[in-house]
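In the UniProt record's numbering, the protein residues as written are 204 to 472.
Taking it in order: structure first as structure tokens, then the write-up.
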Amino acid sequence: FQQIETGQKPGDELAEMGRTFNEMILLLEANFARQERFVSDASHELKTPLTIIESYASLLKRRGKQRPEVFDEAVDAILSESVRMRELTERLLQLARSPEADSLEFGDLDLARSAAESARAFIRAYGREIEVDAPGSVPVWTDAAKVRQLLFILLDNARKYSEGRITVSASGDGPGGAAVLKVTDRGIGIPESELPKVFDRFYRVDSSRVRSPGAGGAGLGLSLARDLAQALDIRIGIESEVDKGTTVTLIFPREERAREKPTGERLSR
Ligand code: ADP
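Structure, rendered in structure tokens:
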């Protein structure tokens, strides 16, 4: 993009327009660079499982018929890498979906009920023990489907990076009586130096920490969570201690403030 020369005279409308134009160009350029990086990071992430699938498929073709152990190993690897690729593609689609298709739908929601429902669905899907600590109702004005999506990302991380009990709590005792949702695990934790980076796109803390290979994701979950939280005016925070566990906290806006947001506001990325 080409910047245009602007004069310095105050009150000069043409110069003012020029400055606005230049600011617009800077914004466009930043957006452009971000998108380019996103596409190149995404392609890179997709290439790894594809390469593994390709090499195991060719191994199958060469030796699968004669050697049953090779057959089993190859089929297992192909299956788990395919699952990884499907999950990755779903996340990428969510991140890249055009803002128009993603309008928010605000309404009344009881966070306590939402936490209990998500926990039930999660227990059914993964058979993990989840404790729900939500003694009373916690009303909020928000987009229920997006909150569910957020909660699933956090539960999914808790599941991947811990083995014990997971706790979900909902309460109205945040600052100024704000509604608060917390997901706590007692897993491997995150070193303090890595904490500020975990919300970055494609960022992963050293993947060798995860016991079962392939259990780590592509580093997109928390960045999607941050985008969703931002769109819903929710503050998101993470606390963690290595080998003790991690807690992610969502603080919801006060209802009056949430209601100021026009329904149908777009998710901006
Ligand atoms: P991923 O899909 O890799 O889990 P996320 O964006 O959700 O990506 O998280 C980024 C990184 O932060 C993860 O790769 C992991 O190293 C670390 N992380 C996230 N949640 C937890 C957690 N509950 N316990 C330990 N580490 C976590």
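Where a beta carbon is used, it is the ideal one built from N, C-alpha and C, also for glycine.
Here the structure is a predicted model, which is why all the values come from computation and not from measurement.
Taking 3 residues as the shortest admissible run, the stretch 217 to 269 contains no complete beta strand (DSSP E) segment at all.
At a Cβ-Cβ threshold of 9 Å, E284 and I255 count as neighbours. For R331 and G392, the gap between their C-alpha atoms comes out near 18 Å. At a Cβ-Cβ threshold of 9 Å, P394 and V451 do not count as neighbours.
For I393, there is no enclosing alpha helix (DSSP H), as DSSP gives it neither H nor E.
Residue pairing by DSSP places D430 in no beta bridge whatsoever. Pairwise C-beta distances place the stretch 379 to 392 in contact with the stretch 348 to 359, as three or more of them are shorter than 8 Å.
Counting the other CB atoms within 10 Å of its CB gives F455 a total of 16 or more, which places it among the buried residues.
With respect to the C-alpha of P252, the residue from N225, L231, L291 and E239 having the closest C-alpha is L291. For I281, the enclosing alpha helix (DSSP H) starts and ends at P271 to A299. Excluding five sequence positions before and after K400, the CB atoms of its chain that fall closer than 6 Å to its own CB belong to Y406, given in chain order. A residue is called buried once 16 or more other Cβ atoms fall within 10 Å of its Cβ, and A315 is buried on that count. For the beta strand (DSSP E) assignment, the uninterrupted runs of no fewer than 3 residues enclosed by the stretch 335 to 411 are, from N- to C-terminal side, 342 to 345, 369 to 374 and 383 to 388. For L314, the enclosing alpha helix (DSSP H) covers residues L314 to Y329. With fewer than 16 other beta carbons inside 10 angstroms of its own, D275 counts as exposed. The residue from S321, V343, F241 and I333 with its alpha-carbon nearest to that of L296 is F241. Distance from the Cα of L282 is smallest, within the candidate group A260, E272, E293 and V341, for A260. With a threshold of 16 other beta carbon atoms within 10 Å, V335 meets it and is buried. Within its own chain, the residues whose Cβ lies closer than 6 Å to the Cβ of M288, once the five positions on either side in sequence are excluded, are P252, listed in chain order. The C-beta separation of A382 from G375 comes to about 5 Å, placing the pair in contact by the 8 Å criterion.
For the 9 Å CB-CB criterion, V273 and S317 do not form a contact. The nearest non-hydrogen atom of ligand 1 is less than 8 Å from the C-beta of D409. Exclusion of the five residues before and after S340 leaves D313 and A315 as the residues of its chain whose Cβ lies within less than 6 Å of its Cβ. Taking 8 Å as the cut-off, one finds no heavy atom of ligand 1 near enough to the beta carbon of A432. Relative to the non-hydrogen atoms of ligand 1, the Cβ of V451 comes within a distance shorter than 8 Å of at least one.
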